[in-house]
Amino acid sequence: MFLLMILIFVIGYTVIALEHPLKINKTATALLLGVTLWVCAMIGGAGILVDTSSMDAYLANHPGSGFSDWLSKDQLIHSLGEVAEIIFFLLGAMTIVEIIDTNGGFSIITNKIKSTKKVTLLWVLSILTFFMSAVLDNLTTSIVLVALLRKLIDDQHDRWFFAGMVILAANAGGVWSPIGDVTTIMLWIGGKVSASEIITADFLASAISIIVPLIILSFTLKGDVQRPQLSEDATKINQKAWQSTLFLCLGVSCLIFVPVFKTLTHLPPYLGMLSGLSILWMTSELVHRFDEGGVHERFMMSNIIGRVDISSILFFLGILLAVNALGAVGHLGLLANNLDTIPLDEPNKYYVIGSIIGVLSSVVDNVPLVAATMGMYDFPLNHYFWTFIAYCAGTGGSLLIIGSAAGVAVMGMEKIDFIWYLKNISWIALIGYLAGAICFIVEQLLMVAI
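Its first residue numbered 13, the sequence shown is counted upward by one per residue in the working numbering.
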């Protein structure tokens, strides 16, 4: 059953990748995959567990319980709690973005971006994404930028390409900020790195990982983008400039408030996101309470929420449940432990381990991989291994569209084909990833030499 779970995961992953040729929606596949792996774990029983210490501790504290109780009431509930944090965070962020968009907030930004040249637009949006991701986080930033792309680019193929670069820039930007990515947050809160060290150690490598792809594309990308045409009704409804400004400023403030909320209260980020949504929701109700007819109906929250892509949220649910099932049985921990057997000396060994973890994070969730790694090593605060892991786990997820929260969100919102991303974006993401890793290693060697 242990090996069967790996086989099922590979098959499910392949079906997701071949969504368009097979004509099977990736969300349905992901949900079935997640449920099937947990069923396999239950059928396999305690005999397939890599480490039984967690189960033994649970059974000691719950007399009369068995393996099924531990798996369903402890591991599954714990996994569901972790997944729910991301789901509610995503739901809140997507709803906030829809409120801003419905009120014409993003038009203020898009009207400032005059250029239609692909190269110029790509640089502007990528740099904007890179720095926004450090302040917000890569997931929220990617959702916001996709909403902007829909206002700037009409052609789907062009928009997919720009969305792919948004994924790269969002993941790269989240690496050098202690609040920009889930893994950096884990390392920061876990006492592995300080906020100042993660910024100084990873900024240059992160910047290189997006600048190198942009330079390459500057020589290959030609032509202009076509701006979408606004409908006459949309133009009439969004003519109040003060409303657009209000909802843009308030919406962005609510998003920026999320990391501040976490820092001040030490509560999960999704609570900050939901509180921001509630503020924006009440503001919308007050601003539009005297609207009439079709205008009032357009700004009703029931209609705005209806435009949120629930399919992409359910896709998240299925994928994360599947990965957590592998984590509960011990597949991911075993994988991380096996990396430690690489026959190399320090520091080469740990550079190789970090690089491999980055590549693996494009296939499975980087959170359990980093968590397992944190439990394996006892390096001191701000050791180069921790900052290198932060870089690799964050930017490595860009190698495949399913490899990061930002990628999964963009994939769901824009319906990007897995194979299309693999052909058009993965190669440039790999070049950027390797360039940033080399930059980090050279930088560390120079520091040692000095």
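For glycine and all other residues, C-beta sits at the position ideal for the given N, C-alpha and C.
Am I right that residue i and residue j are in contact with their C-beta atoms under 8 Å? What's the rounded C-beta distance?
i           : j           : result
residue 443 : residue 225 : 6 Å
residue 146 : residue 185 : 5 Å
residue 406 : residue 196 : 7 Å
residue 219 : residue 151 : The Cβ separation is near 20 Å, so there is no contact.
residue 139 : residue 109 : Not a contact, Cβ separation roughly 20 Å.
residue 452 : residue 400 : 6 Å
residue 46  : residue 330 : 4 Å
residue 412 : residue 375 : 7 Å
For residue i, name the three-state secondary structure that DSSP assigns.
i           : result
residue 204 : coil
residue 129 : strand
residue 236 : strand
residue 79  : helix
residue 279 : coil
residue 164 : helix
residue 459 : helix
residue 437 : coil
residue 37  : coil
residue 13  : coil
residue 191 : coil
residue 245 : With a pLDDT of only 47 at residue 245, under the threshold of 50, the placement of this residue in the model should not be trusted, and no figure is reported.
residue 394 : coil
residue 148 : coil
residue 64  : coil
residue 428 : coil
residue 30  : coil
residue 97  : helix
residue 388 : helix
residue 321 : coil
residue 122 : helix
residue 272 : helix
residue 356 : coil
At the level of alpha carbons, what is the spacing between residue i and residue j?
i           : j           : result
residue 54  : residue 339 : 14 Å
residue 189 : residue 200 : 10 Å
residue 423 : residue 107 : 17 Å
residue 203 : residue 393 : 7 Å
residue 248 : residue 117 : Only weak support is given to the placement of residue 248: the predicted model assigns it a pLDDT of 48, under 50, and the value that follows is read from those uncertain coordinates. Cα to Cα, residue 248 sits roughly 15 Å from residue 117.
residue 270 : residue 191 : 10 Å
residue 4   : residue 342 : Within the shown structure, residues of the chain are numbered from 13 to 462, placing residue 4 beyond reach of any answer.
residue 244 : residue 320 : Bear in mind that a pLDDT of 47 at residue 244, under 50, signals an unreliable position, so the model cannot answer this.
residue 254 : residue 40  : 42 Å
residue 129 : residue 198 : 39 Å
residue 134 : residue 180 : 12 Å
residue 174 : residue 389 : 38 Å
residue 182 : residue 153 : 7 Å
residue 436 : residue 177 : 10 Å
residue 326 : residue 31  : 16 Å
residue 467 : residue 80  : Given that the chain is displayed from residue 13 to residue 462, the structure contains no residue 467 and the question cannot be resolved.
Are there 16 or more other CB atoms within 10 angstroms of the CB of residue i, so buried, or fewer, so exposed?
i           : result
residue 459 : exposed
residue 294 : exposed
residue 93  : exposed
residue 352 : exposed
residue 51  : exposed
residue 355 : exposed
residue 277 : exposed
residue 7   : Nothing can be reported for residue 7, as the shown portion of the chain is limited to 13 through 462.
residue 385 : buried
residue 404 : buried
residue 275 : exposed
residue 33  : exposed
residue 59  : exposed
If distances are taken between C-alpha atoms only, which option among the options comes closest to residue i?
i           : options            : result
residue 336 : 96, 28, 367        : 96
residue 373 : 101, 417, 273      : 417
residue 61  : 292, 148, 83, 102  : 83
residue 38  : 23, 185, 50, 160   : 23
residue 256 : 219, 331, 299      : 299
residue 414 : 279, 221, 432, 397 : 432
residue 127 : 236, 72, 144       : 236
residue 328 : 279, 397, 28       : 28
residue 42  : 26, 57, 52         : 26
residue 290 : 278, 363, 313      : 313
residue 426 : 172, 64, 66        : 172
residue 283 : 396, 410, 266      : 266
residue 297 : 234, 430, 449, 259 : 259
residue 449 : 114, 369, 137, 161 : 369
residue 157 : 357, 166, 398, 137 : 137
residue 124 : 143, 163, 90, 144  : 163
residue 222 : 35, 165, 441, 382  : 441
residue 112 : 132, 66, 311       : 311
residue 238 : 169, 292, 383      : 169
residue 114 : 88, 292, 347       : 292
residue 210 : 438, 445, 395      : 395
Residue i CB to nearest chain D CB: under 8 Å?
i          : result
residue 75 : The structure shown contains no chain D; it holds only a single protein chain.
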